[in-house]
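> First the structure, then my questions, so here it is.
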Amino acid sequence: MRRVFTGIATGMALVALIGSAAACGSDGGSGGDTDAGGVDQVKVGVIPIVDVAPIYLGQQKGFFKSRNIELTMESGQGGAAIVPGVVSGQFQFGFSNFTSLLIAQTKNVPIKTVANGVASTGEQGKDFGAVMVKADSPIRTAADLVGKKVSVNTLKNIGDTTVRESVRKAGGDPKNINFVEVPFANAPAALEEGQVDAVWVVEPSLTQVKAAGGRMVASNYVDAAPNLSVAAYFTSAKLAGEDADLVKRFTEAINESLTYADGHPDEVRGVLGSYTKIDEKTRAELTLPKWPTEINKESVDTLAKLGGQDGIFDGATPDVAKLLP
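Numbered according to UniProt numbering, the sequence shown spans residues 1 to 325.
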């Protein structure tokens, strides 16, 4: 599992792949194939994580089929692979966190978000992602992370920018944190074995660390912005321009899926077993994210600001309005 966010791969890999996508973007394919019955065959690049449960649930419930969309999900290693895949036409739509999409936007990659993907719960201590330490760690607050080794799934991405904000708000200097790249799936063991002093993890790794006696020191998504929009579904500018009707139908279907998932947590836990290897006990204990249909623009603006001050965009300034629907 990517991280379970395990790889909106590495920041450098993302930039390299994005560069190649931008170069070939004008030649990318557009809409999916349409069969004799007028049904569009649509491929969506996703990561097998908790966050994308709504699209699988929506597929099961027929929300896409009722809009003449035959959906196929294809797992990518992360946004570094999915963004170029969408631009080239390999996928008609994709899922990626907002920091990765903002990085792509600063590289002039022709993409456009079409729907919200997943959001923080907005509750301190009750979010689907957190900074965790061992029970006997001397680290008590986010400020104590200064000078310590902290794992994130991807360097120069949404993890370290939001963890830095937790440190700032706790009164620490975020410049002096030693971030180490560790896939989410490997983070519980890295913490237990003392390879790092703290880990930033999301579900189901968060539940695994808790089960091993880990202690929470920060809800970094909550510290970054109220009700943070974490990720989104997006498409290429080419498809948005050439097949607006397909984009409209997909957006309607994914929004219905998000609403249904938000109101049926038990069904979300059930569908997770169809596309992940999360065992039933862990699924029952997970802290689920929120799935609102509206993108919280102010929170995306905040991610852009945090990324800018932390050097995520290599001096460029993201155009949030251009990225959002």
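Here a beta-carbon is modelled for each residue, glycine too, at the ideal position from N, C-alpha and C.
What residues match up with GLU74 in a beta bridge as DSSP calls it?
Per DSSP, GLY45.
> By alpha-carbon positions, which one of VAL217, GLU165, ASN178 and ARG249 ends up nearest to LEU228?
Checked all of VAL217, GLU165, ASN178 and ARG249; the closest Cα to LEU228 is GLU165.
> Mind checking whether PHE93 and PHE313 have CB atoms under 8 Å apart?
No, they are not a contact pair.
> Answer yes if the stretch 209-220 comes into contact with the stretch 134-152, meaning at least three C-beta pairs across the two stretches below 8 Å, and no otherwise.
Touching, per the Cβ criterion.
> Where in the stretch 176-263 do unbroken runs of the beta strand (DSSP E), each at least 3 residues long, occur, reported from the N-terminal end onward?
178-181, 198-202, 215-218 and 229-236, all fully within the stretch 176-263.
> GLY122: which of TYR233, LEU288 and HIS264 sits nearest, CA to CA?
That would be LEU288, whose Cα lies nearest to the Cα of GLY122.
> Would DSSP call ASP319 helix, strand or coil?
ASP319 falls in the coil class under three-state DSSP.
> Could you tell me whether the stretch 284-304 touches the stretch 222-242, where touching means 3 or more Cβ pairs closer than 8 Å?
Taking 8 Å as the limit for Cβ pairs, the verdict is that the stretch 222-242 does touch the stretch 284-304.
> Between which two residues does the beta strand (DSSP E) harbouring LYS149 extend?
Per DSSP, LYS149 belongs to the beta strand (DSSP E) from 149-152.
> Given this structure, state the Cα-to-Cα distance separating GLY194 from HIS264, to the nearest angstrom.
If you take the alpha carbons of GLY194 and HIS264, they lie about 38 Å apart.
> If we define contact as Cβ-Cβ less than 8 Å, is ARG164 a contact residue for chain D?
The question asks about chain D, but that chain is absent: this structure has only one protein chain.
> Report the rounded CA-to-CA distance for GLY28 versus ASN176, giving the unit in angstroms.
Note that GLY28 scores 43 on pLDDT, short of 50, meaning its location in the model is unreliable and no value can be drawn from it.
> For the stretch 255-264 against the stretch 61-68, do three or more pairs of beta-carbon atoms, one drawn from each stretch, fall closer than 8 Å, so that the two count as touching?
With the cut-off at 8 Å, the stretch 255-264 and the stretch 61-68 touch.
> What residues in its chain sit with their C-beta under 6 Å from that of GLN124, if we drop five residues either side in the sequence?
Counting only Cβ-Cβ distances below 6 Å, and skipping sequence neighbours, we find SER219 and VAL222.
> Please name the residue in VAL163, GLY117 and ILE278 whose C-alpha comes closest to that of residue 326.
Summary: the structure shown does not reach residue 326, with the chain confined to residues 1 through 325, and so no result is reported for it.
> If you draw a straight line from the alpha carbon of ASP53 to that of ASP243, how long is it in whole angstroms?
The sequence shown places Ala at residue 53, rather than the Asp named in the question. Straight-line Cα distance between these residues: approximately 26 Å.
> What residues in its chain sit with their C-beta under 7 Å from that of VAL167, if we drop five residues either side in the sequence?
Counting only Cβ-Cβ distances below 7 Å, and skipping sequence neighbours, we find ALA142, ALA143, LEU145, VAL146, PRO174 and ILE177.
> Taking VAL44 and ILE55 to be in contact with their CB atoms under 8 Å, please state how far apart those CB atoms are, rounded to whole angstroms.
So it is a contact: roughly 7 Å between Cβ atoms.
> Our contact map puts PRO318 next to THR113 with C-beta atoms below 8 Å; I'd like the distance itself, whole angstroms only.
Incorrect: roughly 12 Å between the Cβ atoms, too far for contact.
> Would a C-beta distance cut-off of 8 Å place ALA237 and PRO48 closer than the cut-off?
No. Outside cutoff.
> Going straight from the alpha carbon of ASP301 to that of LYS322, what length do you get?
Cα to Cα, ASP301 sits roughly 12 Å from LYS322.
> State the CB to CB distance for the pair ALA184 and VAL201, rounded to an integer number of angstroms; the pair is presumed to be in contact (CB under 8 Å).
The question names Ala, but residue 184 in the sequence shown is Phe. Confirmed, Cβ separation roughly 6 Å.
> Tell me the start and end of each unbroken beta strand (DSSP E) in the stretch 66-121 that is at least 3 residues and wholly inside, in chain order.
Counting only runs of 3 or more, we get 69-75, 93-97 and 111-119.
> When DSSP builds the beta bridges, which residues end up paired with LYS290?
LYS290 is bridged to ALA119.
> Answer yes or no: do ASP51 and VAL131 have a C-beta to C-beta separation smaller than 8 Å?
For ASP51 and VAL131, no; Cβs fall outside 8 Å.
> If I measure Cβ to Cβ from GLY129 and keep anything under 6 Å in the same chain, skipping five residues before and after, which residues do I get?
Once the five neighbours on either side are set aside, the close Cβ partners of GLY129 are VAL202 and TYR221.
> Which residues mark the beginning and the end of the alpha helix (DSSP H) in which VAL300 is found?
First-last of the alpha helix (DSSP H) with VAL300: 297-309.
> The alpha helix (DSSP H) with GLY58 in it runs from where to where?
Element bounds for GLY58: 53-61.
> Assuming LEU102 contacts GLY307 (C-beta within less than 8 Å), just tell me the rounded distance between them.
Confirmed, Cβ separation roughly 6 Å.
> Confirm, please, whether the CB-CB distance from ALA189 to VAL196 is below 8 Å.
No.
> Would you check if the distance between the CB atom of PRO204 and the CB atom of LEU71 is smaller than 8 Å?
For PRO204 and LEU71, no; Cβs fall outside 8 Å.
> Tell me the DSSP secondary structure of ASP266 in three-state form.
It is helical.
> Using alpha carbons as the reference points, say which of THR154, ASN116, ALA170 and THR161 lies closest to ILE139.
Nearest option by C-alpha distance: ALA170.
> Under the rule that 16 or more other beta-carbon atoms within 10 Å means buried, what is ASP160, buried or exposed?
Its Cβ being crowded by 16 or more others within 10 Å, ASP160 is buried.
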